[in-house]
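In the UniProt record's numbering, the protein residues as written are 1 to 197. A virtual CB, placed ideally from N, CA and C, is assigned to each residue, including glycine. Since this is a predicted model, take the numbers as computed values, not measurements. Read the structure below first, then the notes.
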């Protein structure tokens, strides 16, 4: 029996392999190959048939499997902590200003259409106003509400357009509703007739 096939060497290598179980496969194979080469060279110096005492001495000189596995851990580069997702690029102030301006223009464009609904029937005007406020609120909740780690930038941009549009359209709608109510009230009173005596 040669030293390489000795039960002591087989037990040592099996123990070392268990201790390296958490290491990457390539590193584990490299260490095991290096230890085998070192043992082959050490046993070649000991003669053609080393005794069990020679095998124990070579293994003791090499160090325990814990020592060899620990040396690999010290030589390995430190594992990175939990990977951090890169921060999303910041949106410039100019983009936000343009979004708000787009919302103001959208409100001015949508308001006359909704006022036309109000002329047809006041209930349609109220329904349109409630719908616009509800949609804007929903977008605001999606943009600024609790959503975990999901990106909210798109919702925030949508809210930057929806809020000014809602404010402008709502102001125009409320003004038109007031105008319609006042107009209806003055029409019912009839013309004022002045009688001279």
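Problem - Delimiting residues of the alpha helix (DSSP H) encompassing residue 15 - result: That run of the alpha helix (DSSP H) goes 7–19.
Problem - Environment of residue 176 [buried if 16+ CB atoms lie within 10 Å] - result: Within a 10 Å sphere around the beta-carbon of residue 176 sit 16 or more other beta-carbons, which makes this residue buried.
Handout entry: alpha helix (DSSP H) runs wholly inside the stretch 86–174, at least 4 long, in chain order
Key = For the stretch 86–174, whole alpha helix (DSSP H) runs of length 4 or above, ordered along the chain, are 93–120 and 122–144.
Exercise for the section: With DSSP collapsed to three states, give me the class of residue 79. Expected result: Unreliable placement is indicated for residue 79, whose pLDDT of 49 sits below 50; the coordinate value is still reported in the next sentence. DSSP places residue 79 in coil when its eight states are reduced to three.
Handout entry: Per-residue burial, residue 234 [other beta carbons within 10 Å of its own, 16 or more giving buried]
Key = With the chain covering 1 to 197 only, the question about residue 234 has no answer from this structure.
Exercise for the section: Would you check if the distance between the CB atom of residue 114 and the CB atom of residue 102 is smaller than 7 Å? Expected result: The answer is no: Cβ separation not under 7 Å.
Practice task
Kindly indicate which three-state DSSP category residue 23 falls into: helix, strand or coil?
Solution key: Coil.
Handout entry: Option in 135, 143, 26 and 162 with minimal Cα separation from residue 155
Key = The residue from 135, 143, 26 and 162 with its alpha-carbon nearest to that of residue 155 is 143.
Problem - Rounded straight-line distance, which links the Cα of residue 164 to that of residue 174 - result: Near 15 Å, if we compare the C-alpha coordinates of residue 164 and residue 174.
Practice task
Return helix, strand or coil for residue 51, following the three-state DSSP convention.
Solution key: Shown here, residue 51 sits in coil according to DSSP, grouped into three states, outside any helix or strand.
Practice task
Report yes if the CB atom of residue 166 is closer than 7 Å to the CB atom of residue 141, and no otherwise.
Solution key: Between residue 166 and residue 141, the C-beta spacing is not below 7 Å.
Problem - Inter-residue Cα distance where the pair is residue 56 and residue 12 - result: Going by the C-alpha atoms only, they are around 10 Å apart.
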